[in-house]
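Colleague: Below is one structure. I have some questions about it.
In the UniProt record's numbering, the protein residues as written are 1 to 632.
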């Protein structure tokens, strides 16, 4: 993609959704929603550019036919637009000599950037030369670009919004089961400091580029100590390196030059990491962030150039995190499918009401009952959501409803429409980055209670099975209602469903290294928590085995990065043991490993996402049994 080079104008906003699939995963666009005065009913995305202070938008008359109305701006329809003078911008790709131009006229207008009222100057583009200036990584289009370089202008979009809020721009990327999602925030500090990896001073330069010191690079058996600069760029999905370094990377990953594509390709089963040292702290990129799929081949998304600097594109901003199990469902009256979280701890399914949550969750994550001619409103709903280990709880209020799913034949399904909550935590993905439309409940319950519930209606009539699978390399999830071949399994049955509908199994011992604790615990499956939760005695035994200490900085227990150990095993009588590998419940941050285990005073083990990342799980609702198989 292109990076703008020019002067004046720009800005940003909160979050952006559509992303694109690459060979083993996803790399995101980084953009912000903007509402212009020409049509306040339309929210348009502007791509964020860290290499320029200027902003531009495509003019409606020139580009509506090629990119669509929602990706253009009509100055004549805005009462507040002021036309200034003719202008142009040049832009180039940071890894090539290719250059393109945008022509038009400078103007000023009022606008709302991520809901923040502002005003500023931008270029209304009516002609381009040799370039697709707003094309996303996916090949689709945005309405324009907003500049966020260090170079300060006079009346840029960036300056306009920063006069009203703190001068902070934060963005980070996380995965759901279908794509990565980029969260962009203005005026906020971004993620919790416990996830902080590195802070690096920015090197001042005439062009206003965000430039940091790159101190090392490692991939495969290639290890480089460096003292060169790296430029941050959100308008390219590439990692760009000096020519002298590129050859060593090609050899390290055994890449081959494809004369037809004129690009280097690698084995699609390649599993390696690219470790980049920034100010002597390491950022790790997994394979899927720098490998791209094209024509059935896997292309190395690292490019060489003749400069001594590095360019860290969007691939460098990906946060693997813990994925969330989600499934898409389309209701009557909805233009697109809604994305729901899978919740195996309850039998209730719910969706967010548009009137109550549109401003915060967005149009695509809310439901408007009035849009459906078949929706029937029921009685008032009130429920407290909490997990067995957690003293905190979330209160949800709303009303029951029935409606027809488009995938059924006129059968109405029951769900809850939520219009109020005391906490948004359970309405988002596990890392808190992205809103969801609601939850689909798949708690263990008797067949008569599954008759018309929205979640259970997805189960097949012949075999009421749901399998939850995680791809550890892609960091993506799959929810399927047919059981795939999974190899050797451990099967646990449930003689009687419990009152809460929890999927519970008995644990006769907890084993970790030399720690072996005979026990009579109950383990509960939970797809909606990002940690493991253990009884205090088992928790303390594991901490002792790891020689762990409490970290005030990270607000959790940590251990030495040099420690390597076997899995945490939960024995289920004579049937076998469920294993959770060490890397699934620990995360390296700088010079320590964070331990994603929490303690509580009940004889219950909560198996959250660290368990699912290394175990395939299939739930059989008719047989009231669950089967596990390793996925590592």
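Virtual Cβ for every residue (Gly too), placed ideally from N, Cα, C.
Using DSSP's beta-bridge definition, name the partner residues of residue 710.
Modeller: In this structure the chain extends from 1 to 632, so residue 710 is not present and cannot be described.
Colleague: Just the C-alpha distance for residue 567 and residue 586, rounded to the nearest angstrom, thanks.
Modeller: On the chain shown, residue 567 is found 567 positions in, with the first residue counted as 1. On the chain shown, residue 586 is found 586 positions in, with the first residue counted as 1. Each residue's Cα considered, the two are about 11 Å apart.
Colleague: Looking at residue 400: is its Cβ nearer than 7 Å to the Cβ of residue 382?
Modeller: Within the chain shown, the letter at position 400 stands for residue 400. Within the chain shown, the letter at position 382 stands for residue 382. At the C-beta level, residue 400 and residue 382 stay beyond 7 Å of one another.
Colleague: Measure the Cβ-Cβ separation of residue 483 and residue 618 and say whether it is below 7 Å.
Modeller: By 1-based counting over the chain shown, the position of residue 483 is 483. By 1-based counting over the chain shown, the position of residue 618 is 618. Yes, these two residues count as a Cβ contact at 7 Å.
Colleague: Is there contact here, the segment 33–46 with the segment 220–235, by at least three beta-carbon pairs under 8 Å?
Modeller: no
Colleague: Could you give the first and the last residue of the continuous alpha helix (DSSP H) run that contains residue 65?
Modeller: Counted from its first residue, the chain shown places residue 65 at position 65. Residues 60–67.
Colleague: Please confirm whether residue 84 and residue 107 have their CB atoms less than 7 Å apart.
Modeller: Here the question's residue 84 lines up with position 84 in the chain shown. Here the question's residue 107 lines up with position 107 in the chain shown. Closer than 7 Å, so yes.
Colleague: Quick one: Cα of residue 220 to Cα of residue 312, how far?
Modeller: Taking the chain shown and counting its residues from 1, one reaches residue 220 at position 220. Taking the chain shown and counting its residues from 1, one reaches residue 312 at position 312. Their backbone Cα atoms lie some 19 Å apart in a straight line.
Colleague: Have a look at 53, 527 and 541 and flag the residue whose alpha-carbon is nearest the alpha-carbon of residue 515.
Modeller: On the chain shown, position 515 is the one that residue 515 refers to. That would be 541, whose Cα lies nearest to the Cα of residue 515.
Colleague: Which two residues bound the contiguous beta strand (DSSP E) that contains residue 120?
Modeller: Reading the chain shown from its first residue, position 120 is the one you call residue 120. Its beta strand (DSSP E) spans residues 116–129.
Colleague: When the Cβ atoms of the segment 343–355 are set against those of the segment 436–450, are three or more pairs found closer than 8 Å?
Modeller: yes
Colleague: If we ignore side chains and look at the alpha-carbon of each, how far apart do residue 275 and residue 239 end up?
Modeller: Counting from one through the chain shown, the residue named residue 275 turns up at place 275. Counting from one through the chain shown, the residue named residue 239 turns up at place 239. Going by the C-alpha atoms only, they are around 12 Å apart.
Colleague: Residue 273 and residue 286: beta carbons closer than 7 Å?
Modeller: One-based indexing of the chain shown puts residue 273 at position 273. One-based indexing of the chain shown puts residue 286 at position 286. Yes; because the gap between Cβ atoms is below 7 Å, this pair is in contact.
Colleague: Taking DSSP's pairing of strands, which residues face residue 223 in a bridge?
Modeller: The count along the chain shown starts at 1 and reaches residue 223 at position 223. In the DSSP output, where bridge partners are listed per residue, residue 223 has 218.
Colleague: What are the start and end residues of each continuous alpha helix (DSSP H) run of 4 or more residues lying completely inside the segment 239–264, in chain order?
Modeller: 243–252
Colleague: Tell whether a beta-carbon distance below 7 Å holds between residue 327 and residue 317.
Modeller: One-based indexing of the chain shown puts residue 327 at position 327. One-based indexing of the chain shown puts residue 317 at position 317. The answer is no: Cβ separation not under 7 Å.
Colleague: Give me the residue from 581, 337, 370 and 565 with the minimum Cα distance to residue 513.
Modeller: What you label residue 513 is simply residue 513 of the chain shown in a count that begins at 1. Comparing Cα-Cα distances from residue 513 to each of 581, 337, 370 and 565, the minimum goes to 565.
Colleague: Whole angstroms are fine: how far does the CA of residue 342 sit from the CA of residue 195?
Modeller: In the chain shown, the residue the question calls residue 195 occupies position 195. In the chain shown, the residue the question calls residue 342 occupies position 342. Bear in mind that the predicted position of residue 195 carries a pLDDT of just 41, short of 50, making it unreliable; the figure below should be weighed with that in mind. Looking at the two C-alpha atoms, the distance is approximately 25 Å.
Colleague: What would DSSP say about residue 485, mapped onto helix, strand or coil?
Modeller: Locating residue 485 in the chain shown gives position 485, where the first residue counts as 1. In the three-state DSSP reduction, residue 485 falls in the coil class, being neither helix nor strand.
Colleague: Please confirm if the segment 605–615 is in contact with the segment 568–587, defined as three or more CB-CB distances below 8 Å between the two stretches.
Modeller: yes
Colleague: My assumption, with CB atoms under 8 Å, is that residue 522 sits in contact with residue 604. Please give the rounded CB distance.
Modeller: Locating residue 522 in the chain shown gives position 522, where the first residue counts as 1. Locating residue 604 in the chain shown gives position 604, where the first residue counts as 1. Yes, they are in contact, since the Cβ atoms of residue 522 and residue 604 sit about 5 Å apart, within 8 Å.
Colleague: From residue 55 to residue 359, what distance separates their C-alpha atoms?
Modeller: Walking along the chain shown from the start, residue 55 turns up at place 55. Walking along the chain shown from the start, residue 359 turns up at place 359. The straight-line gap separating the alpha-carbon atoms of residue 55 and residue 359 is approximately 25 Å.
Colleague: Which stretch, first to last residue, makes up the alpha helix (DSSP H) that contains residue 536?
Modeller: Taking the chain shown and counting its residues from 1, the one referred to as residue 536 is at position 536. 536–546 is the extent of the alpha helix (DSSP H) around residue 536.
Colleague: Give every residue of the same chain whose Cβ lies closer than 6 Å to the Cβ of residue 420, excluding the five residues on either side of it in the sequence, and list them in chain order.
Modeller: For the purposes of this step, residue 420 is taken as the residue at position 420 of the chain shown. 397, listed in sequence order.
Colleague: How many Å lie between residue 465 and residue 454 at the Cα?
Modeller: Taking the chain shown and counting its residues from 1, one reaches residue 465 at position 465. Taking the chain shown and counting its residues from 1, one reaches residue 454 at position 454. Each residue's Cα considered, the two are about 15 Å apart.
Colleague: Mark residue 546 as exposed unless 16 or more other C-beta atoms lie within 10 angstroms of its C-beta, in which case mark it buried.
Modeller: The residue labelled residue 546 in the question sits at position 546 within the chain shown. Flag for residue 546 reads buried.
Colleague: From this set, 236, 277, 237 and 223, which residue's C-alpha is nearest residue 251's C-alpha?
Modeller: Within the chain shown, the letter at position 251 stands for residue 251. The shortest Cα separation from residue 251 among 236, 277, 237 and 223 belongs to 223.
Colleague: In whole angstroms, what separates the C-alpha of residue 304 from that of residue 242?
Modeller: Translated into the one-based positions of the chain shown, residue 304 becomes position 304. Translated into the one-based positions of the chain shown, residue 242 becomes position 242. Answer to the nearest angstrom: the Cα atoms are 5 Å apart.
Colleague: Excluding the 5 residues preceding and the 5 following residue 422 in the sequence, name in chain order all residues of the same chain whose CB lies nearer than 8 Å to its CB.
Modeller: Residue 422 sits at position 422 when you count from the first residue of the chain shown. 394 and 395.
Colleague: Using the three-state DSSP reduction, which class does residue 505 fall into: helix, strand or coil?
Modeller: Position 505 of the chain shown, counted from the first residue, corresponds to residue 505. Three-state result, residue 505: strand.
Colleague: Can residue 557 and residue 543 be called in contact, C-beta distance under 7 Å?
Modeller: Translated into the one-based positions of the chain shown, residue 557 becomes position 557. Translated into the one-based positions of the chain shown, residue 543 becomes position 543. Going by C-beta atoms, residue 557 is nearer than 7 Å to residue 543.
Colleague: Could you compute how far the alpha carbon of residue 60 sits from the alpha carbon of residue 76?
Modeller: Residue 60 sits at position 60 when you count from the first residue of the chain shown. Residue 76 sits at position 76 when you count from the first residue of the chain shown. Going by the C-alpha atoms only, they are around 10 Å apart.
Colleague: Looking only at DSSP bridge pairs, what is residue 210 linked to?
Modeller: Position 210 of the chain shown holds residue 210. Partner(s): none; residue 210 has no beta bridge.
Colleague: What residue from 50, 52, 362 and 82 has the CA that sits closest to residue 37's CA?
Modeller: Here residue 37 refers to the residue found at position 37 of the chain shown. Of the listed residues, the one whose Cα sits closest to residue 37 is 82.
Colleague: Kindly identify the DSSP beta-bridge partner or partners of residue 275.
Modeller: As a working note, residue 275 is residue 275 in the chain shown. 218 and 284, per the DSSP bridge assignment.
Colleague: Regarding residue 352 and the ligand COA, is the C-beta to nearest heavy atom distance less than 6 Å?
Modeller: This structure lacks the ligand COA; in fact it carries no ligand of any kind.
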